[in-house]
Amino acid sequence: MSRGIKECRIIHRRLHKTSICCFQYEIRICGRVVAATSRSSSSLPIKTRLARKKPAPEAPVSSLTAVAYSTAEEYDLKSILNALKEQGLYKEKVISEDLDDVLYASAKYQVSEESRELFIFREGSVVFWNFPEIERKAVLKFLKPHEEHSYSPSLVNQEVEALEFTYHENKTKFHDGSIYLSRDGEGDLEKYTFSSGLALSVKLAIWEASLDSYVMSIEDIIEVMNEKLTHCCELMELLSHHLEDKHHVRLEVMIIVLIMVEVLFECVHYASKFM
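Residue 447 in my numbering is what sits at position 214 of the sequence shown, and the numbering runs on without skipping anything.
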């Protein structure tokens with residue numbers, strides 16, 4: 234028993250997936266304390282454990298999307314509201330009495346747990362929240378008679394803004410290209426805020442595309458005008474050279490006349506002197 238106390242050996246072995254490591258500790262108690270440690274490893278290399286990649290704290294898990302279109306320079310909101318009431322598929326919702334340039338409506342018939350809502354802005358933009366593509370196309374076709382100065386369908390389909398959105402327990406925010414809406418917040422006002430930004434963004438994209446198209450359409454005209462301006466510059470340069478040459482010739486003629494006059498005076502002077 235005493236010998237067991239005097240000399241105690243503890244061997245601890247740990248088995249890894251790719252290697253085996255042995256650790257040996259030796260403790261002797263005899264009026265003094267001596268600790269010895271030895272380590273042996275197998276021929277297999279020891280691989281450090283890779284840190285587990287933590288998932289993003291709040292990644293969108295839903296497939297909800299907010300999609301914005303700009304189809305015209307302006308919408309007639311009054312006629313659209315009357316048409317929506319006659320159609321009976323969407324009901325108007327009031328955000329604030331101060332907002333006169335936007336029409337907020339939601340679908341009466343639910344096809345999923347999440348409601349479908351849309352914001353129609355007077356400046357010709359519409360933003361869909363959780364609308365399938367087929368229903369979005371149907372609404373755009375419905376808005377067609379109420380448009381003023383409509384854009385071409387190819388341009389409308391080319392310039393579309395879309396963002397994913399989801400709900401969470403924290404404050405509403407925009408992070409990594411996704412919208413996070415608070416479940417306890419004022420959803421209507423928050424959606425209106427994001428919708429306004431999307432509407433302005435898609436409107437700006439439409440203007441940029443229209444400007445690019447216009448610039449490309451007048452490239453031939455600009456090229457012809459540049460050629461004509463080049464010809465005009467060459468003609469002006471030629472005329473300038475001609476005027477300069479004419480001036481030089483005039484000066485030369487005047488100099489010759491003066492020389493002839495001087496010679497004539499010298500001849501007269503010479504004749505009067507010797508005759």
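By construction, the Cβ of each residue, glycine as well, lies at the ideal position given by its N, Cα and C atoms.
Practice task
Have a look at Thr298, Ala338, Ser473 and flag the residue whose alpha-carbon is nearest the alpha-carbon of leucine 314.
Solution key: Ala338
Exercise for the section: Let me know the secondary structure DSSP gives threonine 399 once reduced to three states. Expected result: strand
Problem - Where valine 435 falls, given that 16 or more other Cβ within 10 Å makes a residue buried - result: buried
Handout entry: Reduced DSSP secondary structure (H/G/I, E/B, other) of phenylalanine 364
Key = coil
Handout entry: Euclidean distance between Cα positions of leucine 422 and proline 386
Key = 30 Å
Exercise for the section: Determine the burial state of asparagine 363: buried for a count of at least 16 other Cβ atoms within 10 Å of its Cβ, exposed for fewer. Expected result: buried
Exercise for the section: Given a cut-off of 8 Å, decide if threonine 298 and leucine 373 are closer than it, judged by their beta-carbon atoms. Expected result: no
Problem - Cβ distance (whole Å) where leucine 317 is taken to contact tyrosine 323 below 8 Å - result: 5 Å
Problem - Anticipated Cβ contact below 8 Å, serine 415 with phenylalanine 398, distance rounded - result: That pair is no contact at about 12 Å.
Exercise for the section: Just grab the DSSP bridge partners of histidine 408 for me. Expected result: Ser411
Handout entry: Burial state of isoleucine 454, where buried means 16 or more other Cβ atoms lie within 10 Å
Key = exposed
Practice task
Identify which residue in Lys341, Thr426, Tyr384 has its Cα closest to the Cα of serine 329.
Solution key: Thr426
Exercise for the section: Mind checking who threonine 298 pairs with in its DSSP beta bridge? Expected result: Glu397
Practice task
Assuming valine 359 contacts leucine 332 (C-beta within less than 8 Å), just tell me the rounded distance between them.
Solution key: Actually they are not in contact, since the Cβ atoms of valine 359 and leucine 332 sit about 15 Å apart, beyond 8 Å.
Practice task
Compute the Euclidean distance between the alpha carbons of histidine 401 and serine 450, then round it to the nearest angstrom.
Solution key: 48 Å
Exercise for the section: For my contact list, isoleucine 353 and leucine 310 are in at a C-beta cut-off of 8 Å; report their separation, rounded to the angstrom. Expected result: 7 Å
Practice task
Use the C-beta contact count for serine 345: other C-beta atoms within 10 angstroms, 16 or more gives buried, fewer gives exposed.
Solution key: exposed
Handout entry: Own chain, CB closer than 6 Å to glutamate 325, minus 5 neighbours either side, in chain order
Key = Ala338
Problem - Continuous alpha helix (DSSP H) stretch holding histidine 475: start and end - result: 452-507
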